[in-house]
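Take a look at the structure set out below.
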Amino acid sequence: MLRHYIRIALRNLAKQKILTFVNVAGLSLGMACFSLILLFAVSEFSFDKFNKRAGQIYRVEERYTRDDGREAGIGELGVALAPAMKKAFPDVEEAVRLSNGRKMYMGGYNDVVQLNMVYADPGFLSMFSFPLLYGNKKALQDPYAVVITRSRARQLFGTEDAVGKTLPIKTDSEFHLFSVTAVAEDMPLNTSISFDVLGNYQYLEITDTDRVTSSAHWTRTYGDQTFVLLRPGSRLPQQRESLLKFRLPHFPEEVDAWRKTKRMPARYVLQPLLSLHTDTSVDGGSDTVDPKNIWILLGIAAGIVLIASINFTTLAIARSAGRAREVGVRKVVGGLRRQLIAQFLTESVLLSVLSSFLGWLLASALLPWFSQLAGRPLEFTTSLFPQLSWMLAGLTLLVGVLAGSYPALVLSGFNTVEVLKAKIRLGGSNLFTRSLVTVQFVLSIGLIIATVVMLRQVNYLRTKDLGLIKENTIVVHTRNIDATAAYPLFRQTLASRNEVLGVAASAIGLGEGQGQMGGMYDFSGKLAGVIEYPVDENFLPVMGLQLIAGRNFDRSITSDTVSNIIVNETLVHADLGLEPQQAIGQQIKTGVPPGSHAPLQYKTIIGVVRDFNFEPLNKKVRAQLFEMPVRFKPACFFVHLRAGDPTPVLDKMAATWKTISPDIPFSYSFLDEDLDRFYKSETRWGNIIACAGGISIFLACMGLFGLASLSAANRVKEIGIRKILGATAADIVGLLTGGFLRLVVLAAVIASPIAWMIMNRWLRDFAYRIDVGWWVFGVTALMAMGIAFLTIGLQAFRTARANPVKSLRVE
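Pasting the structure below:
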């Protein structure tokens, strides 16, 4: 019987080639979109699950309350935290520090290459489940030992088995020799921790003077994360009092603040490893994604499949006018209703299976483009994502059954006598089918509104005045050279160039991925966090930062390099409660001077700069201070140019760089691009939703085409009589399109307030945002009406030109 159903289904589908093509094309496109988005969502939610003891691994974060009342966290904490936690808590089986990844130059067998290197304590390989192809879990016992991945072993040595080989790595201004003690499998796609080369953290403790001296000062951070492996059944994550008692001895200033305000400025929290990728409230560490956005994206994907399924339903009803006599004949010869339902459902499921297969092929072809759009490598693999198979199979069956159920029930319920006498009218289904098309356009118009708002917000983020000069500013990256010695020569060489307006240096960069130097300050017993920027005396004028009180640094004044600082407006207004002029000469206790074992020291404010946005615009400007230390090692040079072609200056900079560091390639970026990368996530979401909106409106128009076909089939006699009585083609087009355009208007009325509410909630995550203007809704509605009119108008015009004599003969 099933074989018979399939044979009849194939015969009917082949007979109506155009409607079958429209059905299959729409469903294939919908299934392809859903498959890609499902792959992305499954990938995002599977991060770090490959670790065998993922449920026992936690990252230590510092939790605090922001000025807006919301809680936030910092995942990059002090050097001394990991060994102290392992010593203080019996439940901590292992504790490791993990440094921020840095691009380091390494000597391969062909050339010098730049690879991502991180440092970790020796217990890292036992805590995390990164498979080792060669070597063992004790590979990081020596400070000069490194672990490299399989692909990097081939790149550096031409072979995978690189154990025992020597690897030159430039860790400061010179190359140092490291020994490869293990080779790891390449990093999985769904990991929050990634490296090309893994070094021993003990090497930093030996060679990095700042880290060594800051081990006694917990307020100084260098971008290191601390992970702990808890014993099975440990309740330490819920023991807030234990974590608080552990913290207080190391932050005596917070004890004083608690006694005065009865409120702790910050506390330690254990963050599960499995939430690292989806907890956007914590700064530092790996990239995060808001799970709310993933669910929204899945909802959009489901909406697209729903639109495609609605198309299937409306088109099935549209062609049912031509299959009514077939139903009547089947009933006369003894066909039961359940048999007819089974026949129509077989057609539906067959179409769904065919569409899913074609959709999977289309998704595979589009995967490289979608991976680029999503900002991460993706691949259809059941080894990483075994749940994909049953999810897509279940969706295929569900779409087939749901999309075919209503047409099957309607067609199988036709009265035999009325069918054979050609008295069947499908007008009873109009309300249902019109409701379906209205739902389609509600989804489509909502997506278009969301796209417009997101793209406008991203454009606002990119073009807003940040309070500094970002255009025509080149950033030269100097972490791998002796920047202290190179800076005077570099600056002197460029000073004679007419195109160069200024050169400055900073120990901290600006933009995405540049990191920050966090510290604490105390003013009259009030303890708060601050972002510190060691800079030279040229930084403020070159970057266009405006002094609103006081003066700039002057290297000829000794106190400027020892105890004087410049702060921003936020620190003065919000934290000190002073006006800028009143803050000049005030003293605050702050920082751990690099190379010093001293506690918080008194610093004198000599200047106040206007606030500028050094973080993404979803955050308000935080307290910030600038200092000009005697021992100053720049991480980057900022070169501000006149507007024009930067190529001649870049060539001169490259030539100067070659004389300074001939074995290290010249590395630079443009400051405006570095800052724009803050918003790569918003740009990515905007592009994905724009694509989804375009696809949904296309599929909705296919649904309108089906509904127009249904309407024309039901009104053949009426249209013929109207034409005989003198109605023009324009009158007929207006008759057929008017009702559908009213559906689009109704959809716009329903979608607009829903989209306004959702997008306003999305915009609330930004400290600086646009206003959603009313014109967005009007323009979107007009655009949807225009597209709908073109779609229906073509079908209506073809119907209006039909010969009325033939139409009446058909009836």
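In the working numbering, the protein residues as written are 169 to 979. Glycine included, C-beta positions come from ideal geometry on N, C-alpha and C.
Euclidean distance between Cα positions of Glu850 and Asp840
Here residue 850 is taken as the residue at index 682 of the sequence shown, counted from 1. Here residue 840 is taken as the residue at index 672 of the sequence shown, counted from 1. Rounded to the nearest angstrom, the two C-alpha atoms are 16 Å apart.
Since Arg719 contacts Ile756 with CB under 8 Å, what's their CB separation in whole angstroms?
-> The count along the sequence shown starts at 1 and reaches residue 719 at position 551. The count along the sequence shown starts at 1 and reaches residue 756 at position 588. Rounded, the Cβ-Cβ distance is 18 Å, inconsistent with contact.
Problem set entry | Entirely enclosed alpha helix (DSSP H) segments - the stretch 736-762, minimum 4 residues | Counting only runs of 4 or more, we get 748-751.
For this session: Could you have a look at Phe873 and say whether DSSP puts it in helix, strand or coil?
Result: Sequence index remark: in the sequence shown, residue 873 carries index 705 (1-based). Of the three classes helix, strand and coil, the one that applies to Phe873 here is helix, per DSSP.
Practice item. Kindly indicate the opening and closing residues of the alpha helix (DSSP H) around Glu515. Key: Counting from one through the sequence shown, the residue named residue 515 turns up at place 347. Start and end: Arg505 to Ala542.
- Task: Answer yes if the stretch 851-869 comes into contact with the stretch 612-622, meaning at least three C-beta pairs across the two stretches below 8 Å, and no otherwise.
- Result: They touch, by the three-pair rule.
- Give the single residue among Leu441, Ser573 and Leu465 whose Cα lies nearest to the Cα of Arg506. The residue you call residue 506 lines up with position 338 of the sequence shown. Of the candidates Leu441, Ser573 and Leu465, Ser573 places its Cα closest to the Cα of Arg506.
- Item | Residue environment, Ile374, which counts as buried when at least 16 other CB atoms sit within 10 Å | Taking the first residue of the sequence shown as 1, we reach residue 374 at position 206. In the assembly as shown, Ile374 is an exposed residue. Its beta-carbon has fewer than 16 other beta-carbons within 10 Å.
Discussion item. Report the CB separation of Gly241 from Val437 in whole angstroms; it is logged as a contact under 8 Å.
Written reply: The residue you call residue 241 lines up with position 73 of the sequence shown. The residue you call residue 437 lines up with position 269 of the sequence shown. Correct: roughly 7 Å between the Cβ atoms.
> What is the C-beta distance between Ser267 and Leu372, in whole angstroms, given that I count them as a contact (C-beta under 8 Å)?
Replying inline: Along the sequence shown, read from residue 1 onward, the residue named residue 267 stands at position 99. Along the sequence shown, read from residue 1 onward, the residue named residue 372 stands at position 204. 7 Å between Cβ atoms; contact.
Are Gln439 and Asp447 closer than 8 Å when you measure CB to CB? The residue labelled residue 439 in the question sits at position 271 within the sequence shown. The residue labelled residue 447 in the question sits at position 279 within the sequence shown. Gln439 is a Cβ neighbour of Asp447, given a cutoff of 8 Å.
At a cut of 8 Å, does the stretch 250-257 reach the stretch 316-332 through at least three beta carbon pairs? Because the criterion of three Cβ pairs below 8 Å is not met, the stretch 250-257 and the stretch 316-332 do not touch.
Straight-line gap, Ser764 to Met688 (C-alpha atoms, nearest Å): Along the sequence shown, one-based indexing puts residue 764 at 596. Along the sequence shown, one-based indexing puts residue 688 at 520. For Ser764, the predicted model reports a pLDDT of 38, less than 50, meaning its position is unreliable; a value from the coordinates is still stated below. Straight-line Cα distance between these residues: approximately 16 Å.
Task: Residues bridged to Gln769 (per DSSP) - done: Counting from one through the sequence shown, the residue named residue 769 turns up at place 601. According to DSSP, which records beta bridges pairwise, Gln769 is partnered with Thr758.
Taking only three categories from DSSP, how would you classify Gly241?
For this step, residue 241 is matched to residue 73 along the sequence shown. The answer is strand: DSSP assigns Gly241 an E or B state.
* Asked: Considering only residues of the same chain and omitting the five flanking positions on each side of Lys333, which have a CB-CB separation below 6 Å?
  -> Start at 1 with the first residue of the sequence shown, and residue 333 comes out as number 165. So the list reads Phe325 and Val348, once near-sequence residues are dropped.
- Query: Among Leu872, Thr359 and Tyr273, which residue has its Cα nearest to the Cα of Tyr216?
  - Reply: Position 48 of the sequence shown, counting from 1, holds the residue named residue 216. For the sequence presented, residue 216 should be read as Asp rather than Tyr. Comparing C-alpha distances from Asp216 to each of Leu872, Thr359 and Tyr273 shows the shortest one belongs to Thr359.
Exercise for review: Count the CB pairs spanning the stretch 659-671 and the stretch 792-802 that are closer than 8 Å, and state whether there are at least three.
Suggested key: Because the criterion of three Cβ pairs below 8 Å is not met, the stretch 659-671 and the stretch 792-802 do not touch.
* Asked: Buried or exposed: where does Ile649 fall if 16 or more other Cβ atoms within 10 Å of its Cβ makes it buried?
  -> Start at 1 with the first residue of the sequence shown, and residue 649 comes out as number 481. In this structure Ile649 is buried. Its beta-carbon is surrounded by 16 or more other beta-carbon atoms within 10 angstroms.
By DSSP's criteria, Phe346 is part of a beta bridge. Which residues make up the other side?
Residue mapping note: residue 346 aligns to position 178 of the sequence shown, counting from 1. Bridge pairing for Phe346: Leu335 [DSSP].
Would you report the Cα separation of Glu980 and Asp842, rounded to the nearest angstrom? Because residue 980 is not part of the residues shown, which for the chain are 169 to 979, the question remains open.
Taking the straight line between their C-alpha atoms, what separation do you get for Ala531 and Ala263? Position 363 of the sequence shown, counted from the first residue, corresponds to residue 531. Position 95 of the sequence shown, counted from the first residue, corresponds to residue 263. Their Cα atoms are separated by approximately 43 Å.
Exercise. By Cβ distance below 6 Å, which residues in the same chain neighbour Gln792 in space, the five residues on each side in sequence not counted?
Worked result: Position 624 of the sequence shown, counted from the start, is the residue given in the question as residue 792. Counting only residues of its own chain and dropping the five nearest sequence neighbours on each side, Gln792 has a CB closer than 6 Å to the CB of Ile699 and Asn736.
C-beta contact flag for Gly276 and Gln309 at 8 Å: Taking the first residue of the sequence shown as 1, we reach residue 276 at position 108. Taking the first residue of the sequence shown as 1, we reach residue 309 at position 141. No, the Cβ-Cβ distance between Gly276 and Gln309 is not below 8 Å.
- Task: Check Val789 in the structure and name its three-state DSSP category.
- Result: Counted from its first residue, the sequence shown places residue 789 at position 621. Here Val789 carries a coil assignment [DSSP, helix/strand/coil].
- request: Go to Arg659, then tell me how far its alpha helix (DSSP H) extends in each direction, as first and last residue.
  value: Here residue 659 refers to the residue found at position 491 when the sequence shown is read from its first residue. Run containing Arg659: Ala651 to Ala663, per the alpha helix (DSSP H) assignment.
Worksheet entry | Of the listed residues Arg630, Ser692, Asp704 and Gly753, nearest to Ala717 (C-alpha basis) | The sequence position of residue 717 within the sequence shown is 549, counting from 1. Per the Cα distances, Gly753.
| message | Using the Cβ count rule (16 or more neighbours within 10 Å means buried), how would you classify Arg602? | response | Along the sequence shown, read from residue 1 onward, the residue named residue 602 stands at position 434. Classified as buried, Arg602 has 16 or more neighbouring CB atoms from the shown chains inside 10 Å of its CB.
Requested in this report: Can you give me the Cβ contacts of Leu570 inside the same chain, cut-off strictly under 7 Å, excluding the 5 residues immediately before and after it?
Outcome: Mapped onto the sequence shown, residue 570 falls at position 402. Result list for Leu570: Ser477, in chain order.
Based on the DSSP secondary-structure assignment, which residues constitute the bridge partners of Val817? Walking along the sequence shown from the start, residue 817 turns up at place 649. Paired residues: none, contrary to the question.
| said: Classify Pro921: buried if its beta carbon has 16 or more other beta carbons within 10 angstroms, exposed otherwise. | reply: As a position in the sequence shown, residue 921 is number 753, starting the count at 1. By the neighbour-count rule (16 or more Cβ atoms within 10 Å), Pro921 is not buried but exposed.
**Study point:** Proximity below 8 Å, CB of Val789 to CB of Thr738
**Key:** Here the question's residue 789 lines up with position 621 in the sequence shown. Here the question's residue 738 lines up with position 570 in the sequence shown. Against a cut-off of 8 Å, the Cβ pair of Thr738 and Val789 comes out as a contact.
Practice prompt. Could you have a look at Ile960 and say whether DSSP puts it in helix, strand or coil?
Written response: Here residue 960 corresponds to residue number 792 of the sequence shown, with the count starting at 1. Under the three-state reduction of DSSP output, Ile960 falls in the helix class.
(message) If contacts are defined as beta-carbon pairs under 8 Å, then Asn219 and Ser297 qualify, I think. What distance do you get, rounded to the angstrom?
(response) Position 51 of the sequence shown, counted from the start, is the residue given in the question as residue 219. Position 129 of the sequence shown, counted from the start, is the residue given in the question as residue 297. With a Cβ gap of about 5 Å, Asn219 and Ser297 count as contacting.
| message | Tell me the rounded alpha-carbon separation between Pro761 and Pro545. | response | By one-based count along the sequence shown, residue 761 stands at place 593. By one-based count along the sequence shown, residue 545 stands at place 377. Reliability fails at Pro761, whose pLDDT of 42 lies under 50, so the model's placement of it is uncertain and the value that follows must be treated cautiously. Distance between the alpha carbons of Pro761 and Pro545 is about 42 Å.
Euclidean distance between Cα positions of Leu872 and Ala952
Locating residue 872 in the sequence shown gives position 704, counting from the first residue. Locating residue 952 in the sequence shown gives position 784, counting from the first residue. Inter-residue distance for Leu872 and Ala952 is about 12 Å (C-alpha atoms, whole angstroms).
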